[in-house]
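In what follows, a structure is listed as structure tokens, so that the remarks can point back to it.
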Amino acid sequence: MGERIVRIGEAIFKWPYFVVFILVAVLFFSLNIYLNQSYEIILNLLGFENWFATGFIFFSILVSFLVALNINLAIIRIISFRNFGVKAGGVGLVGMFGGILGGSCPVCFAG
């Protein structure tokens with residue numbers, strides 16, 4: 008359990024991964040708002056109770072951070088697969104692709 012926490016901290020706060028984390032989080036959040044036209048939804052939500060709009064924005068930011076963390080952990084895992092054979096690396100890459108797909112687009116993954 009302690010090794011996982013260390014790896015997550017490394018994926019967020021270590022120098023090259025920190026830049027990737029911030030860029031992916033901002034890019035995902037921006038694309039999410041633009042492609043889903045969330046800017047119109049947020050304007051409509053502001054007419055309701057304040058906690059409802061705050062929760063919508065909070066979870067949008069949370070999902071973008073989790074997707075960025077998932078991509079950083081995938082990068083770390085790909086770098087660590089250089090030490091393994093081709094067969095183990097291929098199976099791991101398929102699993103990582105499924106994890107990124109499930110994290111960034113749950114509807115695509117389930118459908």
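The sequence shown begins at 8 in the working numbering and counts up one residue at a time. Idealized CB from N, CA, C, for every residue including glycine.
Test item: CB-CB of residue i and residue j under 7 Å
i   : j   : result
V31 : I64 : no
F36 : S87 : no
A60 : L52 : yes
Length of the line joining the Cα atoms of residue i and residue j
i   : j   : result
I29 : G54 : 31 Å
E47 : N39 : 12 Å
A75 : I83 : 12 Å
I68 : L50 : 17 Å
L42 : L34 : 12 Å
Exposure label - residue i; buried when at least 16 CB within 10 Å
i   : result
L80 : buried
Y24 : buried
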